[in-house]
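Protein sequences, first through last, are from chains A, B, C and D.
All residue numbers for the first sequence refer to the working numbering, where the first residue is 27 and numbers rise by one.
All residue numbers for the second sequence refer to the working numbering, where the first residue is 3 and numbers rise by one.
All residue numbers for the third sequence refer to the working numbering, where the first residue is 31 and numbers rise by one.
All residue numbers for the fourth sequence refer to the working numbering, where the first residue is 757 and numbers rise by one.
Every residue, glycine too, gets a C-beta built ideally from N, C-alpha and C.
The model shown is predicted, which means the values in this text are computed figures rather than measured ones.
Here is the structure we will look at, set down as structure tokens.
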Amino acid sequence: MTVTHKQAKGSDTVPFAISLRGVEKTFGAVCANHNIDLDICTGDIHGIIGENGAGKSTLVSILYGFYRADAGTIRVFGKERTLRSTADAIAAGIGMVHQHFMLVPTFTVLENIILGHEGTESLAKGFEAARVELAQLAARYGLDVDLDAVIEDFPVGLQQRVEILKALYRGANILILDEPTGVLTPQETDQLFDILRALKEQGVTILLITHKLREIMAITDHVSVMRGGEMVAHKRRSDTTPEELAEIMVGRPVRTDGIWHPPSPAQVVLRADNLGLNAEISADSSVLVSEISFALKAGEILGVAGVSGNGQSELLELLAGIRAPSSGSIQIGERHITAEMPSSPSEIKSLSIAHVPEDRHLTGLILSFSAAESMVLGYEEKIAGGMAGWLDREQLGEHCASLMRDFDVRPPDPSLKSSLFSGGNQQKIVLAREMSAAPSILLVGQATRGVDIGAIEFIHKQLIAMRDKGCAIILVSVELDEILTLSDRIMVMNNGSSMGIVERKEADARSIGLLMAGVR
Amino acid sequence: ANDIKPAVIFDMGGKFDKSFNEGVWEGVKKFTEETGIEVMEFEVTNETQREQAMRRMVERGATIVLGVGFAQADAISKVSAENPDTLFSIIDVGWLDAPNLRQYVFKEHEGSYLVGVAAAHASQTNKVGFVGGMDIPLIRKFACGYVGGVKSVTASADVFQNMTGPTPSAWNDPAKGAELTRSQIDRGADVVYHAAGGTGLGVIQAAADSGKLAIGVDSNQNGLAPGSVLTSMLKRVDVAAYETFMDAKNGNFSSGVTVLGVAEGGVDWALDDNNASLVTDKIKSAVEAARSDILSGKVVVHNYESDSSCPY
Amino acid sequence: MEQKLPRWIDIGLLPLINILAAFFVAGIIIAVIGENPFAALSVLVKGAFIYKGALGYTLFYATNFIFTGLAVAVAFHASLFNIGGEGQAMVGGLGLGLVALMLDPLLPPLLVVFIALPAAVVFGAFWGVIPGWLQAKRGSHIVITTIMFNFIAASLMVWLLAGMLMAPGQMSPETRSFADGVALAHFHTLLSYGGISVAKSPLNLSFVIALIACVAVWVLIWRTRLGYVIRATGQSEQAVIYAGHSPAKIIIITMAISGGLAGLMALNEILGVQQRVILNFTSGYGFTGIAVALMGRNHPIGILLASLLFGALYQGGAELDFEFQTITREMVLMIQGLIILFSGALAYMFNPLVTRVFSSFISASKGPE
Amino acid sequence: MMAELWLQFVLALDATIRMSTPLIFCAMAGIFSERSGIIDISLEGKMLLSAFAAASLAALTGSAMIGLVGAIIISVLFSLLHGFACITHKGNQVVSGLAINILASGLTVTIGFAIFSQGGQTPFLGREQRFMPLELPFIEVIESLPIIGPSLGVIYSEVISGHNILVWLAFLAVIVTGYVLFRTTFGLRLRAVGEKPEAVDTAGVSVSWMRYKAVIIAGILCGMAGAYLSVAHGGGFVREMTAGKGYIALAAMIFGNWRPVPVLLACLMFGFLEAIAARLQGVDLPVIGQVSTDLILVLPYVLTVILLAGFVGKAVPPRAIGVPYAKER
Ligand SMILES: Nc1ncnc2c1ncn2[C@@H]1O[C@H](COP(=O)(O)OP(=O)(O)OP(=O)(O)O)[C@@H](O)[C@H]1O
Ligand SMILES: Nc1ncnc2c1ncn2[C@@H]1O[C@H](COP(=O)(O)OP(=O)(O)OP(=O)(O)O)[C@@H](O)[C@H]1O
Ligand SMILES: [Mg+2]
Ligand SMILES: [Mg+2]
């Protein structure tokens, strides 16, 4: 099925910024893009949505010359182009902000921006010229960054800003953003959208990939939907609704809210008392977490909201035994975890606490392992007792296959390498592993980052079901929507300390947002 | 008997090591040139090959097998016992016992003593040096004889001693050899003797660069840097190799230990056109005097290997 | 674009093509010096497998490579680059020797062998654990420390063998021979008990131990919890901490296993052949183990095959040196270098070509669609 | 006595510089290669090949300069081979390096024997066929300065003056390396390609070509190291004459965290440890007395381990090192 849409502004004089016909791309047996036709109007913000693995990233990688299409034509501003390399794409005026940033972590902002476009052999001269130009760009689009800061010290929001600046510096007038908001806080997302609007005003064409329909509705002019490698629909934003888009995407109606129902909390299972954590190696010995106190009951979900980098990650690591508290205590049953008597991840596990880490790539999975192997990470003892215990392949495979069935992991192939699953499915593997341990307490970090709406719906349902079975859940998320959808109580963190715990019925986006910003 | 089939097994240094193995090769070459009989050769590259090579030589019909170097002792003692009809000969070994095995032992200490005497006379500073390859008894034996020779002339002389290193590359590190030599020269040495294989080339070159003197070892190294090599301590392994094959050819082969010292012409110092200008009459007569003292038994040069110590 | 090749091409045909390419280049060199490349090849192959005792020697060398290759591979699975196989083997041999020399006057030979064998493992492991500990606890780069530990082991050997351990009345830096019977039985003797007579070769029971080690390493890495954690440590320390293990501990354990395997190499050389500790018995096998492990893709079966290849090259190469006056041991070294280059470093060179040929073959046989 | 000790110390410094020179060249070569993401353990082999090429050409033509040029060419050729295996064909970098090292051992002796029939050695080179030490002017002037004259004079005449041109080039190489890496566009891209090749690729710069350039530069530097060994510091080629220096240079490079100046210091440290080891052998030290030869020989290695364990923090290699760059994940 191919659908093309009419030139929106109806004039034939302004050519499409991008116009694709019959683009094909296969990886081995997988057809990632099949017969793609797509027209993007100059000056538009054009959204692309689709499930995980639908072929969105592949399509834009072709546009950016990163992959070469097997067939099809690409026109940029009406001119047919062969995009053999990224250099060709840059020359054609295309810039891209990748989902996983293409920044050298040890370099400064300035170095990253001018990389490949230094102008002269002498760096000093290149820097000078770039500073001048960047100052102008920053003023024009409201993009302020410290040019001399090192990238790895930057929060993701700022890193992304650098990526945008980099593209603009290279003269892009078409900007592609692949899931730019997946890792951003709502505030950062708002700032990003302000920037995008400013860019649009200056005539830049924007192609935006996202999983969040709210964002599509908020900012785009047109939206295209992909499914299974094909382009299945094109819509004018004003002619569609989130419900309709979701249904085209997933192929069935999706419930985005109304999953929650009142909990029946029982006894307290975990108590944090004045919990604090100081940075270990930092010269300024800054405080990462300070004076956090709360009591968690069985059968409730405690949401932890906050702009990322305000100590939620560290709190989660404290509770998971990865870090030892500097002060205060955590009480679980009879056990008091303190600075003097720190815990360890293995002890925490033995206390029937499971942990879904924030970063599934670095921590939650071992990407080069098969799904079956990743499925027992931290629980190898279940299959093989003792350090030299025997890991039975068949048992591993069966264990994994049954969990994959329960959690609808696609493809349900235990022998597939973990890295080859889409983000949503990787997330499901981690969740399946941790939930199947039937813990009495579940720590969850960023449950649905980068995951498509179908999978989000599924994951949310699972969490509520766990809660109903009497599990106590701590849910850390930068998605305010997610917190509001799932939590029974909400703790808001700012600058390492708690701004207070709000009951669900008293919570709304505005009040929580103010607390997140540190306004009481 | 003209149906002899000789074979030689060089050791790890390789037949072109510019000293020990190459000396043997000279003797082998001379034998081939004179008799027209080809000699089968093999150069070992690891420990296991010694025995294997010896067996292969026997299998291929060798009637006399010459092993080069003490490292082959174990192999030759096994293989000679298994093949009583084949003749064997080994250089630098004197402690085995087999009716079909001839062993050559050199009195390197005597030769080193001679060049020590020469060094002491040539030295203006009364400081001389020695650079060895690895800190093993054989090298200590060279060093000890040398010290004896030096001290017999100038009792108060300083003899600096350095070893190159613990790994096999110690025999092939001319850069380090040169550096050790320079360190000795910096401390005042003006004659440096080496027993370090390829490393020794660095010794000779460093001495030449600083306008000092070096002493070569094993074969005649006087020609390497004419005018800078005072003399060389000759270890006539070529004679041993030649003799072994000749005796086997002529049916004169005898087993037992042959000790080659100054008296037998097995060790000596080298005098030729290249160093004629360096060896003054005084040096010449002193060395000759030392030689006759050794011959007469007036001087007995201490053998380090006899008690693992050096009295000088 | 990226047609997946059938397994037989991937692990059978391609390596074969690579080796042929190496032989082709080596053949050119041999032709240049005026020898017949085919004659040389035939000597190489016969020398490695066919001549009397040749196979025994080939397997004997292969035994060394299996041990050192496995040592490198185990460490590699934890992302540790253990260059110290050479030193670990030396120290393993030292430990074995010390035990044998100490006990052989007191105990029956068989018992001595049984005690000396683990001593080789323990000493080798010890020499691996120190760099492992330094890496885990002090962050000292394991590549440098293992290089340094090779030098230190070599010095230790010279010091002991030319000093207190030297056999009295001897002049070479080696210990006295062990008592009779303190040795691993040779295959030719074992087979002669069964009435089979084969040529003498140094091939001994160590080969069987090496095969057992292959299986053991395979089980360890892919079938035990420890192996799982070792591999996980190699991929992501963060994930390992999260899973409740200590990467430092795993690094140390891994290096102990790796060092122990390298130490086992001493069995073959010292208990198998020399029956005394000699200087430099490792002859660079530890270094070659790196190439063996990497060519064998760090898998015991691959290592076994690579070891056989290297063993054949060592043995057949020596035979080349024997047979041809013009072919020297350096030339044999060159041929070995070429083979490592083609079948190791350039292993993927022919992939695209073979893939293209293969897919055109497939589509031709399928006919036009 | 004090003056004598001082002199010995100064002479040890002088020796340090001579011993460090090949290490410095090789370590800088290593920096270029590894900063671009290519592990290079073939430093040893390339140094050996170029030592051989330099000595042979110098012996044949009588010109050290031709020797140096030949050394560089041969070393670059083998760098290209390394690149062909690891960059173009995504082969294992360590295996490729090992193969080159083994090839070098065999090739040098085989060709050497074919040309010179001296068992793989080249003829001993005369002074005119080598780079000889250059004496700097003003030694007398400095020595005659009041008060500081004598001690400064010794340093000037022994440590600073009296080195051959390649020694100067080695130190220049450090400055150039630092400048190129951190002050030029080329250096920026080079470092980026070793840290995050995707970033360079998406910036429209060819990752492969950058890496090729890096290994070529490494080849040039290795060529100089080899030439230094055989036609400057030494006077001829001997089989295996590099004797593990390439590996020590690699260690120095890691020790210095892939940064030119710390790496220079690490090379000097290795040189210094060797120099004093040479000078301590058989010397009567106050208090300790004579130190055993074996102990002295092992000193540099033990000290390295101790330093590494005690003082140097964790070495952080370029992040993309050893991984062939492929667009597909
Ligand atoms: N480098 C690759 N090699 C092989 N197959 C690939 C590669 N990249 C993508 N694919 C295949 O192409 C399909 C589309 O992948 P793509 O990354 O474009 O999905 P996506 O729509 O961006 O998903 P997500 O929403 O998770 O980002 C995948 O299902 C996968 O099978
Ligand atoms: N080498 C590959 N071969 C086959 N499929 C691949 C390969 N690499 C990636 N894919 C597929 O590409 C798709 C997208 O992968 P990607 O890692 O971009 O997922 P994602 O949802 O974007 O994850 P995340 O958001 O966590 O980064 C997945 O369906 C995955 O299966
Ligand atoms: Mg994607
Ligand atoms: Mg994604």
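Look at the Cβ atom of K802 (chain D), then the Cβ atom of I856 (chain D), and state whether they are nearer than 8 Å. yes
Does A113 (chain A) come within less than 8 Å of chain D when only Cβ atoms are used? yes
Say yes only if the C-beta of T84 (chain A) is nearer than 7 Å to one or more non-hydrogen atoms of ligand 1, and no if none qualify. yes
Name the chain B residues whose beta carbon is nearer than 7 Å to that of S313 (chain C)? N48, E49
If the cut is a Cβ gap below 7 Å, which residues of chain B does R359 (chain C) touch? E45, T47
Which residue wins for smallest C-alpha separation from G73 (chain A), given the options A:I235, A:A43, A:I455, A:G335? A:I235
Residue interval of the alpha helix (DSSP H) (run including N180 (chain C)): 172-191
For L271 (chain A), I'd like the list of residues in its chain whose CB is within less than 6 Å of its CB, leaving aside the five on either flank, ordered along the chain. L239
Would you say V173 (chain C) faces chain D, with C-beta separation under 8 Å as the test? yes
E178 (chain A) versus A:L163, A:A161, A:L129, A:D220, residue with shortest Cα-Cα distance: A:L129
Out of curiosity, what's the CA-to-CA distance linking N276 (chain B) and K32 (chain B)? 23 Å
Beta strand (DSSP E) runs contained entirely in the stretch 115-140 of chain A, provided each spans 3 or more residues: 120-123
Using the beta-carbon count (16 or more within 10 Å), is Y223 (chain C) buried or exposed? exposed
Over what stretch of residues does the alpha helix (DSSP H) that includes M525 (chain A) continue unbroken? M525 (chain A) -> not in any alpha helix (DSSP H); beta strand (DSSP E) instead, spanning 523-529.
Quick check on the DSSP output: the beta strand (DSSP E) that includes Q8 (chain B) runs from which residue to which? It should be pointed out that residue 8 (chain B) corresponds to Pro in this sequence rather than to Gln. It spans 8-12 - the beta strand (DSSP E) in which P8 (chain B) sits, taken as one unbroken run.
Cβ-based burial, T112 (chain A) [other Cβ within 10 Å; buried from 16]: buried
8 Å contact criterion, which S986 (chain D) and A811 (chain D) should meet: CB distance rounded: 4 Å
Kindly list, in the order they appear in chain D, the residues whose Cβ is closer than 9 Å to that of D309 (chain B). Going along chain D, no residue has its Cβ under 9 Å from D309 (chain B), so there is no contact; the nearest lies around 19 Å.
When the Cα atoms are used, what is the spatial distance from M59 (chain B) to E353 (chain C)? 11 Å
I'd like to confirm the pairing. Which residues does DSSP put opposite G302 (chain A) in its beta bridges? A:S353
Residues in the stretch 253-270 of chain C with C-beta within 8 Å of chain A's C-beta atoms, listed in sequence order? R253, T254, R255, L256, G257, Y258, V259, R261, A262, Q265, S266, Q268, A269
Can you give me the Cβ contacts of I274 (chain A) inside the same chain, cut-off strictly under 7 Å, excluding the 5 residues immediately before and after it? V251, V258, A259
Cβ closer than 7 Å: which chain D residues qualify as neighbours of T132 (chain A)? E951
Should F317 (chain C) be listed as close to ligand 1, given that the test is whether its C-beta is under 7 Å from any heavy atom? no
Ordered along the chain, which non-local residues of its own chain (more than five positions away) have a Cβ less than 7 Å from that of R1085 (chain D)? Residue confidence is low: R1085 (chain D) scores 40 on pLDDT, short of 50, so the model does not pin down where it sits. No coordinate-derived value is stated.
S91 (chain B) - partner residues in DSSP beta bridges: B:L68, B:R104
Hey, does D137 (chain B) have any beta-carbon neighbour from chain C nearer than 8 Å? yes
Using DSSP's beta-bridge definition, name the partner residues of V249 (chain A). A:G73, A:K261
Segment contact flag, the stretch 122-134 of chain B with the stretch 91-106 of chain B, C-beta cutoff 8 Å, min 3 pairs: no
Got a sec, what are the start and stop residues for the alpha helix (DSSP H) W271 (chain B) sits in? Run containing W271 (chain B): none in the alpha helix (DSSP H); it sits in the beta strand (DSSP E), 269-271.
7 Å CB neighbourhood of G16 (chain B) in its chain, flanking five on each side removed: N23, E45
State the start and end residues of the unbroken alpha helix (DSSP H) segment that holds L342 (chain A). 338-345
Establish whether the CB of G142 (chain A) and some CB of chain D are separated by less than 8 Å. yes
In the DSSP output, what is R107 (chain A) paired with across the bridge? A:I100
Report the neighbours of L140 (chain B) on chain C: residues whose CB is nearer than 7 Å to its CB, in chain order. M201
Could you tell me whether any Cβ in chain A is nearer than 8 Å to the Cβ of A215 (chain C)? no
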